[in-house]
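With the sequence shown counted from 1, adding 9 to any position gets you UniProt numbering.
Encoded as structure tokens, the structure appears first; notes follow it.
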Amino acid sequence: KTDPLVLFMPSGKRGRFPVGTPILDAARSLGVYVESVCGGRGICGRCQVEVQEGQFAKHGITSSNGHISEFGPKETRYADKRELKEGRRLSCSATVQGDLVIDVPQDVAVNAQVVRKDSDERVIERNAAIQMCYVEVEEPDMHKPLGDLDRLMAALATDWGFTELDVDFHILPQVQAILRKGEWKVTAAIHRDEERERPRMIALYPGLKNEAYGIACDIGSTTIAMHLSSLLSGRTVASAGTSNPQIRFGEDLMSRVSYVMMNPDGRAAMTKAVRDALNGLTERVCSQGGVSREDVLEAVFVGNPIMHHLFLGIDPTELGGAPFALAVSGAVRAAAHDLGLSMNRGTRVYVLPCIAGHVGADAAGATLTEGPHRQDEMMLLVDIGTNAEIVLGNWIRTVAASSPTGPAFEGAEISCGQRAAAGAIERVRIDPVTLEPRFRVIGIEPWSDEPGFAEAAATIGVTGICGSGIIEVIAEMFLAGIISEDGVVDGSLAARSPRIVQSGRTYSYLLRDGEQKIMVTQGDVRAIQLAKAALYAGVKLLMDKQGIDHVDRIGLAGAFGTFIDPKYAMVLGLIPDCDLDKVKAVGNAAGTGARMCLLNRGHRREIEETVRKIEKIETALESKFQEHFVNAMAMPNKADAFPKLAE
Ligand code: FES
């Protein structure tokens with residue numbers, strides 16, 4: 010007679026096991042990740058699973074609750090004391106009795122006060138680098154002169170198989186006190202990032218420590234966003250953001266690099282500023298989540314190359330000019346303490362690899378999240394900032410480049426440009442006959458021609474145009490015939506509409522009249538043309554490298570990508586022709602990539618390997634760049650057609 014078949018969902022891993030095998034052991038032997046803190050003593054509740062009942066014809070299994078052992082003493086005790094949800098079993102206690110289909114829930118929470126913040130957040134399969142290991146240590150004995158730490162290590166070897174284990178030195182002076190406080194029961198936090206690496210004890214707690222946390226953080230040049238997640242359940246417990254305090258040293262990246270070049274203490278000052286901000290944010294997410302900073306045991310960071318360098322305390326000057334050499338391009342592993350981060354003394358830091366001198370760890374994070382390297386379809390991933398970071402590829406080949414778009418898309422260099430904040434025009438429509446505009450302002454619900462707008466505008470004020478508004482107004486001006494294909498504002502229309510206003514030798518479009526006039530000038534149109542031509546030329550170079558003339562799917566990352574309307578981006582020729590419903594804002598994909606690496610160390614291998622394989626294209630060295638750039642100055646483009654736009 011053959012042994013029962015056990016199938017684990019959602020991984021689909023399966024194997025045959027003798028009757029009486031604990032489900033946890035079966036999972037482990039198949040490499041299915043099931044959490045366990047107490048090592049099968051039935052006290053942590055982390056190992057919960059569910060039996061799926063029914064016929065699973067595809068797999069040739071009939072699974073039922075009768076095929077698993079009855080509640081044993083461990084489970085009964087646990088269910089009495091804590092709560093064991095209907096249908097849940099402790100896999101360390103329940104054993105195989107017949108064919109089984111076992112569901113491993115991704116969100117086993119044993120801590121009721123932990124709330125889930127983000128309802129639609131993606132479920133990330135867990136395989137954290139931190140393992141919480143509860144052990145009961147032998148008490149000291151005059152006849153066996155083994156030290157406290159040595160007996161602890163022996164217990165970790167017997168119960169958890171850690172025969173080789175390094176110990177962070179900061180634990181040593183505390184070992185005696187912790188063991189006695191826990192009455193010889195303690196939980197060790199073991200860190201192991203890579204299988205080939207020796208595991209290391211980085212923290213020690215008295216008693217059963219049934220929780221550990223990590224932070225994932227995207228250091229943007231404008232804003233820093235941080236998430237606090239439980240490493241054991243995968244849940245996001247709290248999120249917060251703040252503006253990057255380095256802004257006072259320079260608005261954009263290049264001005265921060267110049268600050269470092271001009272000021273002997275510039276690098277140190279900016280490193281301190283960002284680290285202080287990170288400590289403040291950590292404090293905030295921890296207090297929001299009701300978590301002690303001491304319980305944050307891992308921290309993962311992404312950022313563009315300059316943010317990356319400044320955070321690590323590296324001089325970014327080399328990134329200011331050719332050949333744009335990174336100090337380090339691979340992933341960085343460090344101790345949080347060495348980076349001046351106030352968390353647990355043993356907290357480990359992981360920084361995603363950078364792709365190239367201008368394509369940073371943030372682009373790597375976005376790549377990991379969107380996974381062009383996992384798809385058949387040719388995907389274009391664009392993160393638009395002062396530099397556009399561009400990744401194009403599929404599972405066969407992925408190429409990347411950056412393009413110097415300048416800050417125009419962020420509203421800088423635009424006469425009435427401003428940051429996306431209350432009072433900024435973000436949506437624009439222009440009547441092609443009357444040339445009259447209607448628009449929408451951040452912070453004001455109704456459109457400008459709807460009731461209630463005037464009152465709201467009087468309190469909030471209409472102060473300028475943000476990046477997405479600029480794209481829309483120029484695209485609408487083009488669609489209404491106010492600007493030509495070459496981007497020239499048609500002065501002859503001034504006779505027809507008071508909206509076309511002469512300013513010197515060129516003409517402007519008056520978007521909002523009144524005390525504070527909001528104009529779109531010829532210079533503004535030029536600035537956007539230059540920026541979009543740079544972006545498109547970069548994209549086009551990568552398409553040349555791939556030998557393709559259209560892309561299957563486009564992901565627009567970052568804040569700009571979230572707010573810009575794909576249709577208008579295509580009208581202007583910012584992005585190549587593509588099915589409009591295949592153009593998606595992917596939000597903070599970089600931050601999600603950081604969270605993936607936090608919760609699953611397998612993703613670290615994946616992105617490190619992917620980044621190694623990505624072919625880096627230096628736009629400045631490509632002779633075709635100039636030609637693509639010139640063609641892309643026109644709207645939407647002089648050489649390339651946009652058939653999907655016409656559909
Ligand atoms: Fe702790 Fe099962 S492993 S309760």
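For every residue, glycine included, the Cβ atom is placed at its ideal position computed from N, Cα and C.
Query raised in the report: Buried or exposed: K647, going by 16 or more other Cβ atoms within 10 Å of its Cβ?
Result: Along the sequence shown, read from residue 1 onward, the residue named residue 647 stands at position 638. Exposed, because fewer than 16 other Cβ atoms sit within 10 Å of the Cβ of K647.
Query raised in the report: Given that a residue counts as buried once 16 or more other Cβ atoms are within 10 Å of its Cβ, and exposed if not, what is D392?
Result: The residue given as residue 392 occupies position 383 in the sequence shown. By the 10 Å Cβ count, D392 comes out buried.
Requested in this report: Go to R265, then tell me how far its beta strand (DSSP E) extends in each direction, as first and last residue.
Outcome: If you number the sequence shown from 1, residue 265 lands on position 256. R265 -> not in any beta strand (DSSP E); alpha helix (DSSP H) instead, spanning L262 to M271.
Report task. Could you tell me whether the region 526-536 touches the region 390-406, where touching means 3 or more Cβ pairs closer than 8 Å? Result -> no
Query - Close beta carbons around R25, own chain, < 8 Å, minus the five adjacent residues each side - result: As a first step, residue 25 is located in the sequence shown; it is residue number 16 there, counting from the start. These residues qualify, in order along the chain: T11, D12, P13, L14 and V15.
Query raised in the report: Where does S100 fall in DSSP's three states?
Result: Your numbering for residue 100 matches position 91 in the sequence shown. Residue state, collapsed to three classes: coil.
Query raised in the report: Whose C-beta lies closer than 8 Å to the C-beta of R302 among residues of the same chain, with five residues either side of it excluded?
Result: Residue numbering aside, residue 302 sits at position 293 when the sequence shown is read from its first letter. So the qualifying residues of the chain are T291, E292, C295, S351, M352 and N353.
Report task. Locate the beta strand (DSSP E) running through M642, then write down its first and last residues. Result -> Locating residue 642 in the sequence shown gives position 633, counting from the first residue. Run containing M642: none in the beta strand (DSSP E); it sits in the alpha helix (DSSP H), K633 to M642.
Query - For T196, the three-state DSSP class (helix, strand or coil) - result: Along the sequence shown, one-based indexing puts residue 196 at 187. Strand, per DSSP.
Report task. State buried or exposed for Q635, treating a residue as buried only when at least 16 other CB atoms are found within 10 Å of its CB. Result -> Within the sequence shown, residue 635 is the residue found at index 626, counting from 1. So Q635 ends up on the exposed side.
**Report entry** Cα-Cα separation between I563 and A546, rounded to whole angstroms
**Finding:** Here residue 563 is taken as the residue at index 554 of the sequence shown, counted from 1. Here residue 546 is taken as the residue at index 537 of the sequence shown, counted from 1. For I563 and A546, the gap between their C-alpha atoms comes out near 16 Å.
Query raised in the report: Going by the beta-carbon positions, is the gap between I77 and A36 smaller than 8 Å?
Result: Position 68 of the sequence shown holds residue 77. Position 27 of the sequence shown holds residue 36. The answer is no: Cβ separation not under 8 Å.
Query raised in the report: For M605, which residues from the same chain have a beta carbon less than 7 Å from its beta carbon, with the 5 sequence-adjacent residues on both sides left out?
Result: The residue labelled residue 605 in the question sits at position 596 within the sequence shown. Excluding sequence neighbours, M605 sits near I133, L377, T378 and H612.
Query - Enclosing alpha helix (DSSP H) for H318 [first to last residue] - result: Taking the first residue of the sequence shown as 1, we reach residue 318 at position 309. Counting along the chain, the alpha helix (DSSP H) containing H318 begins and ends at P314 to L321.
Query raised in the report: What is the rounded straight-line gap between the Cα of G349 and the Cα of C425?
Result: As a working mapping, residue 349 is identified with position 340 in the sequence shown. As a working mapping, residue 425 is identified with position 416 in the sequence shown. Each residue's alpha carbon lies about 40 Å from the other.
Query raised in the report: Just how far apart, CA to CA, sit S477 and I483?
Result: For this step, residue 477 is matched to residue 468 along the sequence shown. For this step, residue 483 is matched to residue 474 along the sequence shown. Answer to the nearest angstrom: the Cα atoms are 10 Å apart.
Query raised in the report: How is the beta strand (DSSP E) around G577 delimited, first residue to last?
Result: Within the sequence shown, the letter at position 568 stands for residue 577. According to the sequence displayed, residue 577 carries Tyr and not Gly. Careful: Y577 lies outside any beta strand (DSSP E), inside the alpha helix (DSSP H) at P575 to V580.
Query raised in the report: Do the region 160-167 and the region 226-233 make contact, defined as three or more Cβ pairs closer than 8 Å?
Result: No: fewer than three Cβ pairs fall under 8 Å.
**Report entry** Euclidean distance between Cα positions of D649 and L630
**Finding:** Along the sequence shown, read from residue 1 onward, the residue named residue 649 stands at position 640. Along the sequence shown, read from residue 1 onward, the residue named residue 630 stands at position 621. Using only the alpha carbons, I get a separation of about 22 Å.
Query raised in the report: Distance, Cα to Cα, G21 vs V110?
Result: On the sequence shown, residue 21 is found 12 positions in, with the first residue counted as 1. On the sequence shown, residue 110 is found 101 positions in, with the first residue counted as 1. Each residue's Cα considered, the two are about 9 Å apart.
Query raised in the report: When every heavy atom of the ligand FES is checked, does at least one fall within less than 7 Å of the C-beta of V450?
Result: Here residue 450 corresponds to residue number 441 of the sequence shown, with the count starting at 1. No, Cβ of V450 sits at least 7 Å from all heavy atoms of the ligand FES.
Query - Proximal residues to W193 (C-beta, below 7 Å), its chain only, five neighbours per side dropped - result: Within the sequence shown, the letter at position 184 stands for residue 193. Cβ within range, chain order: E145, V146 and E148.
Report task. Quick one: using the 10 Å Cβ neighbour count with 16 as the cut-off for buried, is R610 buried or exposed? Result -> Working through the sequence shown from its first residue, we reach residue 610 at position 601. Answer is buried; the Cβ neighbour count reaches 16.
**Report entry** Distance between A375 and I399 (C-alpha atoms, nearest Å)
**Finding:** To locate residue 399, count along the sequence shown from 1; it is residue 390. To locate residue 375, count along the sequence shown from 1; it is residue 366. Their Cα atoms are separated by approximately 10 Å.
Report task. Enumerate in chain order the residues of its own chain whose CB-to-CB distance from K126 is below 8 Å, with the five nearest sequence positions on each side excluded. Result -> Within the sequence shown, residue 126 is the residue found at index 117, counting from 1. Any answer about K126 is weak, because its pLDDT of 43 lies below 50 and its placement is not dependable; what the coordinates show is given next. Once the five neighbours on either side are set aside, the close Cβ partners of K126 are T245, V246, A247 and S248.
Requested in this report: Report yes if the C-beta of G54 is less than 7 Å from at least one heavy atom of the ligand FES; otherwise report no.
Outcome: What you label residue 54 is simply residue 45 of the sequence shown in a count that begins at 1. Distances taken from the Cβ of G54 to the heavy atoms of the ligand FES include one shorter than 7 Å.
Query raised in the report: To the nearest angstrom, how far is it from the Cα of I453 to the Cα of A430?
Result: Locating residue 453 in the sequence shown gives position 444, where the first residue counts as 1. Locating residue 430 in the sequence shown gives position 421, where the first residue counts as 1. In this structure, the straight-line span from the alpha carbon of I453 to that of A430 is close to 11 Å.
Requested in this report: Under 8 Å by Cβ, that's how I've got K591 and D558 pegged, so tell me the actual separation to the nearest angstrom.
Outcome: As a first step, residue 591 must be located in the sequence shown, where it is residue number 582. As a first step, residue 558 must be located in the sequence shown, where it is residue number 549. Rounded to the nearest angstrom, the Cβ distance from K591 to D558 is 16 Å, too far for a contact under 8 Å.
Query raised in the report: Grouping DSSP H, G and I as helix and E and B as strand, with all else coil, what is R125?
Result: To locate residue 125, count along the sequence shown from 1; it is residue 116. Low confidence applies here, because R125 scores a pLDDT of 43, under 50, leaving its location unreliable; read the following figure in that light. Coil at R125, not helix or strand.
Query - Residue range of the unbroken alpha helix (DSSP H) whose run includes Q384 - result: Taking the sequence shown and counting its residues from 1, the one referred to as residue 384 is at position 375. From DSSP, Q384 is part of no alpha helix (DSSP H); its letter is neither H nor E.
**Report entry** P31 (DSSP reduced to helix, strand or coil)
**Finding:** As a position in the sequence shown, residue 31 is number 22, starting the count at 1. Strand.
Query raised in the report: From this set, Y214, A166 and L174, which residue's C-alpha is nearest A186's C-alpha?
Result: Position 177 of the sequence shown, counted from the start, is the residue given in the question as residue 186. Answer by Cα proximity: Y214.
Query raised in the report: Can you pull the DSSP bridge partners for Q511?
Result: Residue numbering aside, residue 511 sits at position 502 when the sequence shown is read from its first letter. Beta-bridge pairing links Q511 to Y516.
Query raised in the report: If you check the beta carbons only, do S38 and C101 fall under 8 Å apart?
Result: Counting from one through the sequence shown, the residue named residue 38 turns up at place 29. Counting from one through the sequence shown, the residue named residue 101 turns up at place 92. Against a cut-off of 8 Å, the Cβ pair of C101 and S38 comes out as no contact.
Requested in this report: Can you say whether K153 is buried or exposed, counting buried as having 16 or more other CB atoms within 10 angstroms of its CB?
Outcome: In the sequence shown, counting from the first residue as 1, residue 153 sits at position 144. By the 10 Å Cβ count, K153 comes out exposed.
**Report entry** Opening and closing residue of the alpha helix (DSSP H) in which T619 lies
**Finding:** As a position in the sequence shown, residue 619 is number 610, starting the count at 1. Its alpha helix (DSSP H) spans residues R610 to K622.
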